[in-house]
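A.B. asks: Sharing a structure with you now.
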Amino acid sequence: MELLSSTLGCSMDELRYAICKSPQVLGFSETKLRAKIRVLGDQEALAVKGLIRKGLDFYHCVCMRDEVFVAKYIDHYEDALPGLADAYAAVRAGKLPAQV
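Here the sequence shown is numbered in the UniProt record's numbering, starting from 1 and rising by one per residue.
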């Protein structure tokens, strides 16, 4: 649980809440979590541009199938936030990309 807590960057209480809400998060790979967290961490840039609403449901996004997540948050906003797809691919490959 500590690895998941540090990967998500949340407290143990927040992690417990997340697991209660979406227990399937325990079955996700660290790579999958890190990639989605990286994009969702950049959601502030998308929210500032008015592309997504603030307060996006993090757990819902993490639990999305990869194909749906990529279509909804990577492909859809690539023109508005150049480099987003490259950053996502780099994180999925285990590399830390430059800030988007």
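Don't be surprised by glycine CBs; every beta carbon is placed ideally from N, CA and C.
Let me check understanding here. Comparing Cα to Cα, which of D79, D57, F28 and A35 lies closest to A87?
C.D. replies: Per the Cα distances, A35.
A.B. asks: Please say whether A90 and L51 have beta carbons closer to each other than 7 Å?
C.D. replies: No, these two residues do not count as a Cβ contact at 7 Å.
A.B. asks: At what residues does the alpha helix (DSSP H) containing F69 begin and finish?
C.D. replies: Note, F69: alpha helix (DSSP H), D66 to F69.
A.B. asks: Can you find the residues in the same chain that come closer than 8 Å, C-beta to C-beta, to K21, ignoring five residues on each side of it along the sequence?
C.D. replies: Only Y59 meet the Cβ criterion.
A.B. asks: Please name the residue in T31, C61 and V70 whose C-alpha comes closest to that of K95.
C.D. replies: Here the closest residue by C-alpha is T31.
A.B. asks: In chain order, what residues of the same chain lie with their CB nearer than 7 Å to the CB of R92, ignoring the 5 residues before and after it?
C.D. replies: Excluding positions up to five away in sequence, the list reads T31 and A35.
A.B. asks: For V68, does the count of other Cβ atoms within 10 angstroms reach 16, so buried, or fall short, so exposed?
C.D. replies: Exposed, since its Cβ has fewer than 16 Cβ neighbours within 10 Å.
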